[in-house]
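**Q** According to the numbering used here, the sequence shown is numbered sequentially starting from 7.
Even for Gly, the Cβ is constructed at its ideal location relative to N, Cα and C.
Since the structure is predicted, the reported quantities are computational estimates derived from the model, not experimental observations.
Here it is: the structure, laid out below.
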Amino acid sequence: MSDAGALSFPAPPEARAGGSPDAEPRLQAGGPQEWRVSGDWTLLALRGRYEEFRQRVATAAAEPGDALWDLRALGRLDTAGALTLWQGWGQKPPRRLLWLPEHVTLFAQFLQPGALPRRGPRLGPGVEAASLQLVAFARHGLDIVALTGRLLLDLVQVLRHPSLIGWREISANVFRTGAQALPITALVGFLVGLTLSYLISKQLKTYGADIFVINILGLAVLRELGPLLAAIIVAGRSGSAMTAQIGVMRVTQELDALSVMGISHTVRLVLPKVVALAVSLPLVALWTSALMLLGGMAAAGAQLGLSPLQFLHTLPSVVEPANLWLGWSKSVIFGALIALLASHFGLRVKPNTESLGQSVTQSVVTAITLVIVVDAIFAVLFSNVGI
């Protein structure tokens with residue numbers, strides 16, 4: 007680079023006559039193995055001299071050694087100037103390149119995937135994706151723990167000052183999550199019980215053990231299927247509505263207004279939802295279990311000839327009350343968990359509609375998944391209770 011201490015390109019007569027406001031483009035040697043690009047590399051500044059500039063850049067790039075190209079002193083750069091540099095470099099960026107963030111967008115249109123030099127060794131795509139998912143999961147876990155802690159502290163404060171209890175919000179949430187969910191849970195519960203009893207009856211009839219359909223159906227419904235089915239329906243129906251409600255408040259800056267007024271989000275929004283769902287879900291689960299048993303009783307009567315009176319008389323003697331209490335206890339935990347997750351994802355919504363949709367989806371999927379996980383844990387821990 008000894009002969010290129012300062013390559014300055016004077017503007018042609020027609021450019022000077024036109025009074026171009028563009029700064030003169032320059033290519034200068036900043037030191038050994040270093041090239042500095044400055045001035046304005048625009049369509050107006052380079053008109054009629056594209057080939058000359060491209061050759062100059064190509065000559066500098068072809069010199070032996072791993073030269074550093076410094077583009078930070080560029081005044082203005084458009085697509086024409088970026089293309090001139092790009093072609094001079096041989097349609098690939100130098101390995102040692104210093105540029106500004108706004109330059110990346112211009113050169114990105116010429117890049118092929120993987121053309122930019124790597125800054126360092128990277129993990130494989132599978133490992134990297136798994137790592138990002140693990141980090142996101144850990145962040146969600148920490149945020150949920152923090153929200154639970156704030157909720158417990160606010161609960162203690164509310165118990166000390168009962169006037170802070172939002173009875174109106176709690177009753178409204180009980181009505182929305184409980185009473186309004188009865189029709190859909192009744193329909194789904196009846197059909198699931200009908201189908202389950204029909205399949206069980208077909209198998210038991212083969213071995214002449216018709217009466218045991220009551221044992222299997224009663225234990226499965228009151229202990230597992232009733233609370234689980236009710237929780238899944240409520241998570242999809244009410245959990246998504248809770249997330250959307252809080253998310254819309256984030257988008258419309260109502261949450262910011264509550265913070266300005268000194269009103270706690272957990273006291274005003276989260277606590278009423280958690281209490282309401284913890285109260286209403288056990289009742290919905292009991293309702294769903296009753297409709298499932300009704301559907302099972304109808305199928306058993308049609309397939310095995312068992313009368314409703316025989317079904318109802320035998321059920322209390324073969325299913326211990328501990329199973330009913332276990333189902334209720336799980337429903338309380340399911341309700342609090344669903345409301346807590348719905349509030350968590352609602353509070354994480356960013357002020358845009360895309361984030362709102364993503365948070366609602368994540369809320370429903372996470373709630374259903376964790377409900378099933380918690381139910382499996384209960385099944386293992388209490389495997390010898392009530393059986």
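Skipping 5 residues on each side, what residues in its chain have a beta carbon closer than 8 Å to that of Leu412?
**A** For the chain, the structure presents residues 7 to 393; residue 412 sits outside this window and is missing.
**Q** Where does Asp149 fall in DSSP's three states?
**A** Three-state DSSP puts Asp149 in a helix.
**Q** Looking at C-beta atoms only, is the number of pairs between the segment 214–232 and the segment 291–301 that lie closer than 8 Å three or more?
**A** With a cut-off of 8 Å, the segment 291–301 and the segment 214–232 count as touching, because enough Cβ pairs lie within range.
**Q** Can you give me the C-alpha to C-alpha distance between Asn329 and Val391, rounded to a whole angstrom?
**A** Those two C-alpha atoms are separated by around 8 Å.
**Q** Excluding the 5 residues preceding and the 5 following Met255 in the sequence, name in chain order all residues of the same chain whose CB lies nearer than 6 Å to its CB.
**A** Cβ neighbours of Met255 beyond the five flanking positions: Leu261.
**Q** Spell out whether any CB of chain D is found under 9 Å from the CB atom of Lys356.
**A** Absence of chain D from the displayed structure is noted, only one protein chain being present.
**Q** Beta-carbon within less than 8 Å of Lys208's beta-carbon, same chain only, minus the 5 sequence neighbours each way: which residues are those?
**A** So the list reads Gln309, once near-sequence residues are dropped.
**Q** I need the boundaries of the alpha helix (DSSP H) containing Glu420, first residue and last residue.
**A** Since the first residue shown for the chain is 7 and the last is 393, residue 420 is missing from the structure and cannot be characterised.
**Q** Hey, quick one: how far does the alpha helix (DSSP H) through Arg274 stretch, first residue to last?
**A** Unbroken run through Arg274: none, as it is neither H nor E.
**Q** Can you list, in chain order, the residues of its chain whose CB lies under 6 Å from that of Ile176, leaving out five sequence neighbours each side?
**A** Once the five neighbours on either side are set aside, the close Cβ partners of Ile176 are Pro278, Val281, Ala282.
**Q** Grab the span of the beta strand (DSSP E) containing Arg82 for me, first residue to last.
**A** Residues 80–83.
**Q** Which partner residues does Ala35 have in the DSSP bridge list?
**A** Its beta-bridge partners are Trp41.
**Q** Short check: CB of Trp47 to CB of Ala73, under 9 Å?
**A** No, they are not a contact pair.
**Q** With 16 as the cutoff for other CB atoms within 10 Å, does Ala88 come out buried or exposed?
**A** That one is buried.
**Q** Between Trp263 and Leu104, what straight-line distance do the alpha-carbon atoms span, to the nearest angstrom?
**A** Position check: residue 263 holds Ala in this sequence, whereas Trp was assumed. Going by the C-alpha atoms only, they are around 45 Å apart.
**Q** For Leu104, name the three-state secondary structure that DSSP assigns.
**A** Correct three-state label for Leu104: strand.
**Q** For Trp47, name the three-state secondary structure that DSSP assigns.
**A** DSSP places Trp47 in strand when its eight states are reduced to three.
**Q** Using the DSSP secondary-structure output, state which residues sit across from Leu74 in a beta bridge.
**A** DSSP lists Glu40, Arg102 as partners of Leu74.
**Q** Evaluate Lys336 with the Cβ neighbour count: other Cβ atoms within 10 Å of its Cβ, from every protein chain shown; 16 or more gives buried, anything less gives exposed.
**A** Classification for Lys336: buried.
**Q** Fully enclosed by the segment 198–282, which alpha helix (DSSP H) runs are 4 residues long or longer?
**A** Within the segment 198–282, the complete alpha helix (DSSP H) runs of at least 4 residues are 218–226, 232–240, 246–257, 260–266.
**Q** Measuring alpha carbon to alpha carbon, tell me which residue in Leu332, Gly333, Gly302 is nearest Leu318.
**A** Per the Cα distances, Gly302.
**Q** Given this structure, state the Cα-to-Cα distance separating Phe39 from Gly71, to the nearest angstrom.
**A** Correcting the residue identity first, residue 39 is Gln in this sequence and not Phe. The straight-line gap from Cα to Cα measures roughly 7 Å.
**Q** Since Ala178 contacts Arg243 with CB under 8 Å, what's their CB separation in whole angstroms?
**A** With 8 Å as the limit, Ala178 and Arg243 do not qualify as a contact, their Cβ atoms being about 16 Å apart.
**Q** Between Trp235 and Ser203, which are expected to be in contact by the criterion C-beta below 8 Å, what is the C-beta distance as a whole number of angstroms?
**A** Looking at the sequence shown, residue 235 is not Trp but Leu. Not a contact, Cβ separation roughly 15 Å.
**Q** If you reduce the DSSP assignment to three classes, tell me which class Asn390 lands in.
**A** Reduced to three states, the DSSP call for Asn390 is coil.
**Q** Here's the rule: buried if 16 or more other CB atoms are within 10 angstroms of the residue's CB, otherwise exposed. What is Phe143?
**A** Burial call: exposed.
**Q** Give me, in chain order, the residues of the same chain whose beta-carbon lies closer than 8 Å to that of Leu394; leave out the 5 immediate sequence neighbours on both sides.
**A** Since the displayed the chain opens at 7 and closes at 393, residue 394 lies outside it and no answer follows.
**Q** Confirm, please, whether the CB-CB distance from Asp84 to Leu6 is below 9 Å.
**A** With the chain covering 7 to 393 only, the question about residue 6 has no answer from this structure.
**Q** Expressed to the nearest angstrom, what Euclidean distance is found between the alpha-carbon atoms of Thr375 and Ile206?
**A** One C-alpha to the other measures close to 27 Å.
**Q** Please check the pair Arg53 and Gly45, which I expect to be a contact at CB under 8 Å, by giving their CB distance rounded to whole angstroms.
**A** About 14 Å; that fails the 8 Å criterion.
**Q** Indicate the three-state DSSP secondary structure (helix, strand or coil) for Arg53 in the structure shown.
**A** It is coil, neither helix nor strand.
**Q** Which first and last residues belong to the alpha helix (DSSP H) in which Lys336 is found?
**A** From DSSP, the alpha helix (DSSP H) with Lys336 extends over 327–353.
**Q** Put Gly24 into one of helix, strand or coil per three-state DSSP.
**A** Low local confidence applies: a pLDDT of 37 at Gly24 is under 50, so the model's placement there is unreliable, with the coordinate-based value given in what follows. Three-state result, Gly24: coil.
**Q** What does a CB cutoff of less than 7 Å around Ser5 pick up in its chain, not counting 5 residues either side in sequence?
**A** No statement about residue 5 is possible, as the shown extent of the chain runs from 7 to 393 and does not include it.
**Q** Cα separation between Leu170 and Ala284?
**A** Taking the straight line from one Cα to the other gives about 19 Å.
**Q** Using the three-state DSSP reduction, which class does Leu122 fall into: helix, strand or coil?
**A** At Leu122, the pLDDT of 48 sits below 50, so the modelled position is not reliable; the number obtained from the coordinates is stated separately. Three-state result, Leu122: coil.
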